[in-house]
Each structure stands twice: as structure tokens, then as C-alpha cells.
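What follows is one structure encoded as C-alpha cells, with my remarks underneath.
Protein chains: 2
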Amino acid sequence: MASDVHVFDRLLEIALLVQQDMGRELEPAGLTPARTHLLWEVHHRGPCSQRALATALDVSPRNVTGLVDALEERGFVRREQHPTDRRVTLVTLTELGARTTAEMATSHRRIAAHLVAGFPADRLERFCTDLDTVTDRLHELMDVAAPS
Amino acid sequence: MASDVHVFDRLLEIALLVQQDMGRELEPAGLTPARTHLLWEVHHRGPCSQRALATALDVSPRNVTGLVDALEERGFVRREQHPTDRRVTLVTLTELGARTTAEMATSHRRIAAHLVAGFPADRLERFCTDLDTVTDRLHELMDVAAPS
DNA sequence: TATTGTTATACTCTATAACTATA
DNA sequence: TATAGTTATAGAGTATAACAATA
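As you go down the protein sequences, you meet chains B and D in turn.
The first sequence begins at 1182 in the numbering used here and counts up one residue at a time.
The second sequence begins at 1182 in the numbering used here and counts up one residue at a time.
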């Protein structure tokens, strides 16, 4: 049963499932996948400029404007002035945003725990190592192939 | 290094990378991710009704209409009459569509082979088994949680 | 009456290009 | 001159609702 194709098909399937899961219960609150992704990024990086977010998400600055607009309108983030550079807008989490991302993190942990429940320590260890390898090679492929 | 959270983060990362990769060289030809997904489905199922595609892709019938319109316009698929039920439109691959999906399959095999290159047989075997387990559990989670 | 696909309408995500305010 | 963010415009993906043709 173990074959190369199998691996790719599985990864594709997993990609679809994970994507579907991200922000399914969140959509009612206006947290679409793209907005969730941005919120998640701010959660990890702390207050940051929209420019930085555009780069991090590999998306146009214009797009970030729209996403931040929507998130601000719904109370998840706040736009603040950069202390020294007046061109820059700093995006920060509101209390609601912080609470929401904290819940997401908890949810991720719960899901991940369920996914590998019952794996003996050494098996989990190997699985993580292999996942790392595959991820690294995917990154390589993307970077090498990217320069159109 | 091996931990539950690690697994989820990796899967999320992989999801993003795989998604990005799917149809990057194809976009110039008008093959966006959603259209590619539909094309891929027809490749696997053979000629099928738009209704069946809507169900398979978990998407509205209206959406399928648009995707098939675009694919037909670009010569990847053809609409044909169902032999007995005149309500039904059968979507089939054109020669171009068949050639394109064949190339995609080849590309998948090449990528997958690279991802697990150098894995000894038993390690690949275990990795596939674990991927299967994780995929199955993801499916479970989605199905259980889905009924809103 | 139920089903298939379509038209109508609307919202989200995304991009490029032109513009404003600041460095 | 270069950078950060915005307005303007456009294409793609998605959904619901109403409708036509067919079963």
C-alpha cells in the first residue's frame, strides 16, 4: 500500500480537510479563512505593519487593507499609529481578538492530540521527523520552481 | 521536538504549500485551483453530471455552472447530453483536458517521489500508515463536528 | 412533486495601477 | 526618490433564491 503517489494524494486530502476545518465554527462571527489567517499571523508576530502582513501572507497590500477593515469592523483588531514612522499602521489584537486566537490555539492542540492519540512515543517521534522532512522538501520545491 | 501541536502546525503548513503548488504552472492557461479541482474530479470519475460534481466538490450547483463554463470556454471539458435523462448535462474531458490531467498525474508522482526520496521501504511504509490514520481521524472529526 | 441546471444578486478574496502622505 | 497605505477597478470563487425544463 505504501507508494509515492499515495503520499501526495494523502497530503492533498489532508490539505483540503485542514483548510475546511480552519474557521468553520468561526465563520458565523465573520471570521472567513483569509481573515483568520491574518488574525493568526498577528497573534504570532504581535503588533505589526500591514506591509509586514502582506509579505508574511504573500498577498498584496491592497488585500491586507480589506482584511484589516473587516477584522477591525468586527472588533478583532485595532489600527494604531506607529510611534515614530507616521506612514505605518500597526495592527494589534483587541481583547476579543486575543481571546479568539487563544481559543483557536486550544482547539488546534485538541485536534492534534486526537489525530495522534495512541501513537507510542517513538512512533510519534518518527512521524514528526518524517513530516518535517516532507515539509522541508515541499518548501524547497516551491522555492526552486517559483521563479517563473 | 515531537509534540501534538507540532503535528497540527506541520499539517497546516503542508496544506498551504500543496494548495499553492496545485496549478501554479497551470494558472496561465486559465486553470485556477477551483477549476483544476473540478477537472481532476472529472478525470477520476469519468463523464458525470454537474449535480454529481456539486456533491463531490461540496459546492453549490450554481458554482459548478460557472466552473464548467470557464473550463468549456478554454477547451478542457465539453457538455454533452445525457442519453436518457434530458435534464442532465454530462461533463466530459476533451482531448486537451485528458492530456492536461495526465500531465498533472505525472507531476504528482514526480513530486511525491521527491518528497520521500531516500526513505527506506519500511520507513515509507510506516509513514504512509500514519498518514492514513491521521487522514481518517481528520475525516471523522469533520463528519462529527459538521452537523452544525 | 422532485430534480437538473440556469439566471439574478451579493459577498469575499485576490490582483494591478494610480494616488496621498510620509521618510 | 522610495515606502506605507489607500482608492479604483476587475476577475474569480462562493452562496441563496427564484425559475425553466424535464422526470
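All C-beta atoms in this analysis are idealised placements derived from N, C-alpha and C, irrespective of residue type, glycine included.
Does residue i pass the burial test, meaning 16 or more other C-beta atoms within 10 Å, or should it be called exposed?
{"i": "D:G1227", "result": "exposed"}
{"i": "D:A1283", "result": "exposed"}
{"i": "B:R1216", "result": "buried"}
{"i": "D:V1186", "result": "exposed"}
{"i": "D:V1293", "result": "Correcting the residue identity first, residue 1293 of chain D is Ala in this sequence and not Val. Burial call: buried."}
{"i": "B:T1246", "result": "exposed"}
{"i": "D:D1202", "result": "buried"}
{"i": "D:D1415", "result": "Nothing about residue 1415 of chain D can be read from this structure; chain D reaches only from 1182 to 1329."}
{"i": "B:L1248", "result": "buried"}
{"i": "D:H1263", "result": "exposed"}
{"i": "D:V1218", "result": "In the sequence as displayed, the identity of residue 1218 of chain D is His instead of Val. The residue in question, D:H1218, is buried, as its Cβ has 16 or more Cβ neighbours within 10 Å."}
Assuming residue i and residue j are in contact, meaning their beta carbons sit under 8 Å apart, how far apart are those beta carbons, in whole angstroms?
{"i": "B:E1261", "j": "B:A1237", "result": "18 Å between Cβ atoms; not a contact."}
{"i": "D:A1286", "j": "B:A1196", "result": "With 8 Å as the limit, D:A1286 and B:A1196 do not qualify as a contact, their Cβ atoms being about 17 Å apart."}
{"i": "D:H1289", "j": "B:F1189", "result": "5 Å"}
{"i": "B:T1211", "j": "B:R1280", "result": "Here residue 1211 of chain B turns out to be Gly, not Thr, going by the sequence shown. Wrong, their Cβ atoms sit about 15 Å apart, outside the cutoff."}
{"i": "B:L1252", "j": "B:L1277", "result": "That belief does not hold up - the Cβ atoms of B:L1252 and B:L1277 are roughly 10 Å apart, past 8 Å."}
{"i": "B:V1199", "j": "D:L1193", "result": "6 Å"}
{"i": "B:R1191", "j": "D:D1313", "result": "7 Å"}
{"i": "B:P1242", "j": "B:A1235", "result": "5 Å"}
{"i": "B:R1307", "j": "D:R1267", "result": "With a Cβ gap of about 56 Å, B:R1307 and D:R1267 do not count as contacting."}
**Message:** Going residue by residue through the segment 1218-1254 of chain B, where are the continuous alpha helix (DSSP H) segments of at least 4 residues, counting only ones entirely within it?
**Reply:** 1231-1238 and 1242-1254
**Prompt:** Enumerated in chain order, which unbroken segments of the alpha helix (DSSP H) with a length of 4 residues or greater are wholly contained in the segment 1255-1325 of chain B?
**Reply:** 1276-1296
**Message:** Is it the case that the segment 1296-1310 of chain D contacts the segment 1269-1276 of chain B, given that we only count it when at least three CB pairs across the two stretches are under 8 Å?
**Reply:** no
**Message:** Please list, in chain order, the residues of the segment 1307-1320 of chain D that have any C-beta partner in chain B closer than 9 Å.
**Reply:** R1307, F1308, C1309, T1310, D1311, L1312, D1313, T1314, V1315, T1316, R1318, L1319 and H1320
**Request:** Check distances from the C-beta atoms of the segment 1182-1193 of chain D to those of chain B and list, in chain order, the residues that come in under 9 Å.
**Result:** M1182, A1183, S1184, D1185, V1186, H1187, V1188, F1189, D1190, R1191, L1192 and L1193
**Message:** Please identify, using Cβ separations under 7 Å, the residues of the segment 1263-1291 of chain D that lie next to chain B, in order along the chain.
**Reply:** H1289 and R1290
**Asked** At a Cβ cut of 7 Å, what residues of the segment 1217-1229 of chain D count as close to chain B, listed as they run along the chain?
**Response** none
**Request:** Select from the segment 1236-1250 of chain D all residues with a C-beta closer than 9 Å to any C-beta belonging to chain B, and list them in chain order.
**Result:** D1239
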